[in-house]
Every structure is written in C-alpha cells, then in structure tokens.
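Numbering (the working numbering), first residue to last: 61 to 689.
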Amino acid sequence: MNYQEIYNKSIESPELFWKEQAKQIQWFKNPSTILSKDDNNYPLWFKDGELNACYLALDKHIEEGYGDDIAIIYDSPVTQTIKKYTFQEVKTEVARLAGGLLSLGLTQGDTAVIYMPMIPQATFAMLACARIGVTHSVVFGGFAPHELAIRIDDCKPRIVITASSGIEVDRLIAYKPLVDEAIELAEHKPQNVIILNRKLGAKIPFKKYDIDYGALVYGSEEVDCVPVKSTHPLYVLYTSGTTGKPKGIVRDTGGYVTALKFSMTHIYGLNPGEVFWAASDVGWVVGHSFIVYGPLINRNTTIVFEGKPIKTPDASTFWRMIAEHKVSAMFTAPTAIRAIKKEDPNGEFIKQYDLSSLRTQFLAGERCDVATLEWYNQHIPVPAIDHWWQTESGWPMIANMMGVEYLPVKPGSAGKAVCGYDIRILGENGQELGPNEEGYVVIKLPLPPGTLMDLWEDNERFKMGYLNKFPGYYFSGDGGFKDEDDYLFITGRVDDVINVAGHRLSTAEMEEIVASHPVVAECAVIGINDDLKGQIPIGLVVMKSNETMESFQLEHEIVQLVREKIGAVASLRNVILVQRLPKTRSGKILRKLMRSIADKETYQIPSTIEDENVIEEIVTALTDYGIIK
C-alpha cells in the first residue's frame, strides 16, 4: 500500500484497521471488542483484551529464540562506560526486581514513582512495574523536591525507586537528599524508597524506609508476567499544565503497545534486530515510547544515553555513537542539532565518522526551522524528518511515514497526518478552514489507539482541556494550517500567535526567518505588550560560536530580512543578542517565561528548566536593551 491508501483505510474503517494491527501483538486474551466508548463518549480500544507490555518487550523474544540478541546498549560518556545487555540479561534482572516489589507488598493497581538518571536500571524499573501490573510514574531525575512532592501527592505511590546520583556535564547531583526532602514535603508518604548505589561518591542519607536495590534484586526470585486488561494504566506521565499544577497523562496498555508496534515499523521504518536510538530521557514521553517500549516490543536494540550532544566531551558525541553502534535510525530534538551546529558550524566532526549505517534522522520536540534542516542535509545526506506529536498522543500524529512511503519533504512542514489521526484545521467558531488558512489544529474523534485515556483522577480537567472547546474533536492546543497537498504546518502553541495592530502574526514564522541569518545559531521571537500596537515582536538571538558581528549590525540585517519576507507589518524592530536561551531539559525554548519577564508579569520558573541561571542573563539583556525599564 502507498501512504494515501493505508491512511484512507485507517480513517474510513478504524475498527477494521486497528483490529489488523492488534494481530501483530501477542495477547493473553484476544480482544473481541475493538472500539467502544467510555462515559465521556471517548474511545476505548480493545477493552476486553488481556496482555502484558513487559512480556512483549522481553519474554516473547526469548521464547522465539532471540534471548542472546542485544536489547539495550548503555552508553555514558559522562562515566566513560559502555555496556550491552541481552534480552535474557534484561529479563533476569527485571523479573527479579518485580519479585522484590511483590515481596514488599505491591500488587496490581498500585503505583510507583521512578526518579532516576539515564541508566539501564531506569528501564528495568519501568519494565518490572509493567510485569506485575503496577502503574509507574517516571519523574525526571534531578527535579526539585517540591515538584517531586506534587507528583507523589497526586499519584500516591507505594514506593519510590531512585539512584544515588545523576551526572550533569560539570557536576554530580545527589538524588537521595532530594527524594527525602520531597517525602518530607508530601502529604502522602510512600512505604519504601528503593535506592541503587552507583558508587560515584554521592552522599546517601539512610532512612528507615530505605531498601538497597542490589540486595532486593539479588535476594528475590524471578516472577512471571501478570496478564492485565487492555485498559489497565501502564503509566502516568506528568506534563506541565497552564495552571501550574502538572497534568498526569494516563496511558493504557493494549492500545499503546499496538500503536508503538505500528509506529516502529510504519513510521520509523525499522526491521526487528536493527539499532534504534532516541536521544531523549525516560522522564519524557519520547523515552517511554521510543527508548523503552517501542523498540523493545519491535525487537530493536535500543540505546540508553547518559550525556549531552555537546561537552560530553564535545560536539562529536552523536556521530561517534551512530558509527560505533551502527544506528539505523535516530530521533532527537532540533535543539540538539542546533547546539551541535553552534559548536561545529562546518561539520568538521561529522567528517571523522562512518555514518553509513544511518538511514533516517527524525526530529521532534519543537518545530524544526529550515536553517537547521538544511545544515543537517548539507553534512549528512539522509532524510531528516521533522514530525509532530505530544505527551498526550504518546506516538506521532504528523510524520513522513518512512515504513510506508517516503514523501517529498516540505521544509517547515512536519509532513502529513499519520494513520488513525483525522486532523482538521478549525476556525474560532468551529468551522473547517481551507488550504493555507491558519486555525486551531484538532483531531476528529475517535482518536486512534495509544493516545491518552484520561488525566489521573481529574476527568473534569481532561474534558475542559481537550474535549469541550470543539465537541467531537480533540483540541491539540496548537495552531497551524494545511496546504493544498494536505501537508501540515504547525505554527506553535495557540498563545504564540501575536496581534500587532490588528494583524495576527505567527512568531514561529518570524523565527524561521531570523534563524536563516548565517550567523544565527538559534533564536526565539516573542510578543510583548505595547501601548500603541497592543503587541510587538522582539527577537532574542544566540550567535554561532565562531562568528563575530556587532549587535547593532546583526539587528539591522535581521530587521531587514523580516521586513523583506513578511513586510513592515511584522514590526520586528528589536533584536537582542544573548548568550543562551532558557529551555526545558527536553529542549523546548521557554517563550512564555521570557514574555512574562519582558512584560514584568509575575512568573513561575518551571521545574523542567535546564538551568535557572539563564533567567538572570535574560533579565540583564532585556534591561540593558531597554525593554525592561
């Protein structure tokens, strides 16, 4: 089938389509009801089926004779460690850890918080929970105690699984004191903290509730997988909410594993046995879907990477790993490529490695600007595929489906709708808009398998946030448009559209133009309040490491560039040079935060920020320029 045929089939006959895909998964009890609805008239998939995600990721492959194949490659430039684990080795440790959890009294339906760095044991902990029907909630290692406490109070875990420390580029972060402080702050008190001592020198204050990870694993018997219902929550994953209170995205089991198996083969184009690398973290949805469950279910070798694209030790790390581990397809955020481009603008490191194993480079997490795409293609002649999805969806919604048909890339577009997603562009009043008209990006219900089931114990917020704005549709919160060929362009969060003297302008479009300037490494354009025009855009720009240009000259050239491409109506007059931009650990630029700083509004520094010190730098730059008076 070509793309259009398979896509049409998925939209016209969703039950038949996903019934076929569910046959690619081994169920303990095959589902007879494929699609039904819950009390919100919201889709439930395979509700009477029974299965186990850990069984599909490990035991099934061992039973089929692949136990000695490599399941996980742990590559840690920060500890200078590379270790490979076979499916059999992973299963032994996971099954023992699961046995240890049962011995502590955990049962199907309980929850556990996992707060760990990017080490294999983080994946073992996730799989051990899945093995016995315990719902896991991974919290990004190193999150502040206050944020961890909020999540502990929300999902009420019986246990917390952690490690002695995480390692940043320049420092060791002791996790145990952070966990203890979070438990002190939380109203809900977990029964135990299971702690893996990495023996890297971090202090581990001992508490009565502590249990040593190694002693628990090696003192426990292996246990088998427990069959769970398709609708059983595999995990809860928190994403930042507009109210400041994190939203716990609830993921089912049966729909999710069906969607992930489909993704690995049809979107990422991977054959079982190949190496797939998502350079992300298990604290994010990418880590859940495409470091742990997706690759392992498809019998791909997956890479657990503890490091950064630069400074561990330099901008060659990604290329070294692709060459060394024979990576077939890689997934990272555009911000990682921009960081490499800033350090190595001429791609000198790339020339030192044999990247012939690499077929495809996938980019997601933030819209990929054309300049970054072009830089990548100039130095590495493989398709660089931007694609779009959310924590809520769990797997891609817009992509170039490499396992079906490679369609021509249109720079700036994330591709076409993925099978199962009936994506529409609606106007303010719910009317469908025509080609190239910008509006709200929505998906007609039913959503396909694998998408969020609900928000953890907050159904009202779920309906308010996603279903009520446009009845019959899931509201993505993003703006965008479709062109005449059905390619989709995401222009950013709805609140990233600014109103300049009555003209609605996309800051994303301006960013695209600013980023195309030859000395710009990365940038952000935000709309700030203006007495005359309501809002005006300002640009914050980071220069490439090897470039020098006076700030007034750079400002003049960028203003002219934007005027040339968009017109004087864009009103971009202010371009401010900064050393770096505030970002989350997953690489998203914190535009809303910078907007609040510039407008002198009260703001909350999100728990996901990579480095709080950058806030002071932005305040100084905006004050020196005269934006903040």
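Just so it is clear, CB atoms sit at the ideal spot from N, CA and C, and this is done for glycine as well.
Just so it is clear, the structure is predicted and the values come from calculations on it, not from any experiment.
Residue burial classification, residue i (beta-carbon count within 10 angstroms, cutoff 16)
i, result
"M524", "exposed"
"T662", "exposed"
"F88", "exposed"
"P701", "The question about residue 701 has no answer here: the residues shown for the chain are numbered 61 through 689."
"M61", "exposed"
"L76", "exposed"
"R633", "exposed"
"I142", "exposed"
"G333", "exposed"
"E72", "exposed"
"V229", "exposed"
"H577", "buried"
"E572", "buried"
"S611", "exposed"
Between the CA atoms of residue j and residue i - distance to the nearest angstrom
i, j, result
"A389", "I370", "20 Å"
"F378", "K402", "14 Å"
"E241", "E247", "12 Å"
"H439", "A681", "34 Å"
"A431", "P441", "15 Å"
"G537", "G552", "9 Å"
"T362", "I133", "6 Å"
"P287", "D128", "25 Å"
"K542", "C428", "17 Å"
"L614", "V173", "48 Å"
"A155", "G454", "26 Å"
"D290", "L95", "According to the sequence shown, residue 290 is Ser rather than Asp. Roughly 12 Å between the two C-alpha positions."
"E677", "C285", "51 Å"
"H341", "W78", "In the sequence on display, residue 341 carries Asp and not His. For D341 and W78, the distance between alpha carbons rounds to 29 Å."
"V277", "R231", "29 Å"
"L507", "A188", "29 Å"
"L493", "K504", "14 Å"
"H53", "V585", "Nothing about residue 53 can be reported from this structure: the residues present for the chain run from 61 to 689 only."
"E517", "K307", "10 Å"
"Q450", "V345", "8 Å"
"G499", "I483", "12 Å"
"K368", "A339", "9 Å"
"I558", "N589", "10 Å"
Supposed contact pair residue j and residue i - C-beta distance, whole angstroms, cut 8 Å
i, j, result
"Q421", "I458", "With a Cβ gap of about 17 Å, Q421 and I458 do not count as contacting."
"G599", "V635", "4 Å"
"I85", "V317", "6 Å"
"E384", "I179", "Not quite, the Cβ-Cβ distance comes to about 19 Å (not below 8 Å), so this is no contact."
"G480", "P74", "7 Å"
"T395", "G647", "3 Å"
"N360", "V335", "7 Å"
"V554", "Y533", "So it is not a contact: roughly 14 Å between Cβ atoms."
"V574", "I618", "6 Å"
"W448", "I550", "5 Å"
Backbone secondary structure at residue i - three-state DSSP
i, result
"D272", "strand"
"E498", "coil"
"P103", "strand"
"E517", "coil"
"E452", "coil"
"Q168", "coil"
"E492", "strand"
"K89", "strand"
"Q181", "helix"
"E544", "coil"
"F203", "coil"
"M381", "helix"
Opening and closing residue of the alpha helix (DSSP H) in which residue i lies
i, result
"P237", "236–245"
"A399", "394–403"
"I94", "That residue, I94, is in no alpha helix (DSSP H); it is neither H nor E in DSSP."
"E72", "63–72"
"R359", "From DSSP, R359 is part of no alpha helix (DSSP H); its letter is neither H nor E."
"N252", "Run containing N252: none in the alpha helix (DSSP H); it sits in the beta strand (DSSP E), 252–256."
"H196", "From DSSP, H196 is part of no alpha helix (DSSP H) but of the beta strand (DSSP E) over 195–198."
"A575", "567–575"
"G314", "314–322"
"V430", "430–439"
"A131", "Premise fails: A131 lies in the beta strand (DSSP E), 130–136, not in any alpha helix (DSSP H)."
"G692", "Because the chain in this structure spans residues 61 to 689, residue 692 falls outside the shown range and cannot be described."
Start-to-end residues for the beta strand (DSSP E) that takes in residue i
i, result
"V342", "Note, V342: premise wrong, no beta strand (DSSP E); not H, not E."
"P597", "594–603"
"C583", "580–590"
"V220", "219–223"
"L637", "634–637"
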